[in-house]
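The block underneath contains the structure these notes are about, expressed in structure tokens.
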Amino acid sequence: MTMHAQFRRRYRLDETPVPFTLNGMAETGLRGDTVLTAILSVSGRLRQSEFSGEDRAGFCLIGACQDCYVMLANGSRIRACSTALEPGMTFITDMRAAAKAAHE
């Protein structure tokens, strides 16, 4: 099932592309994007709740609620709404797929 992006870009379309990886897939954000903006511009969710498994897309978008934490490939977590996207960042937001891969 393909998930449509939550965000649709309307401006800054000519900014420098910034490559990143999301759940093993190569994606592209734009210079000046936060991690949240980059992920939601290519995906229908930011992450899955660690409690219920439900899809999440952030809540306050100002760094106060902690609902936007996403996991980097090295296992550390960052606040997506207040972290600038950097070239080469790798995110794991599909915890079901990550758990399955860990057991293979």
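Each residue of the sequence shown is one higher than the one before, starting from 52 at the first, in our numbering. All C-beta atoms in this analysis are idealised placements derived from N, C-alpha and C, irrespective of residue type, glycine included. All values derive from a computational prediction rather than experimental measurement.
Who pairs with residue i in a beta bridge, going by DSSP?
i: Gln-99; result: Asp-106
i: Ala-124; result: According to DSSP, which records beta bridges pairwise, Ala-124 is partnered with nothing at all.
i: Ala-135; result: Thr-85
i: Thr-141; result: Thr-72
i: Arg-130; result: Tyr-120
Tell me the rounded alpha-carbon separation between residue i and residue j.
i: Ala-39; j: Gly-109; result: This structure cannot speak to residue 39, because the chain is shown only from 52 to 155.
i: Ala-124; j: Thr-144; result: 10 Å
i: Pro-138; j: Asp-106; result: 25 Å
i: Thr-67; j: Thr-79; result: 10 Å
i: Tyr-62; j: Arg-98; result: 25 Å
i: Ala-89; j: Phe-102; result: 24 Å
i: Ala-135; j: Ser-100; result: 22 Å
With burial defined as no fewer than 16 other Cβ atoms inside 10 Å of the residue's Cβ, what is the status of residue i: buried or exposed?
i: Thr-141; result: exposed
i: Ile-113; result: exposed
Counting only runs that start and end within the region 62 to 90, where is the beta strand (DSSP E) found for 3 or more residues in a row?
Counting whole runs of 3 or more residues, the region 62 to 90 contains the beta strand (DSSP E) stretches 68 to 73, 76 to 81.
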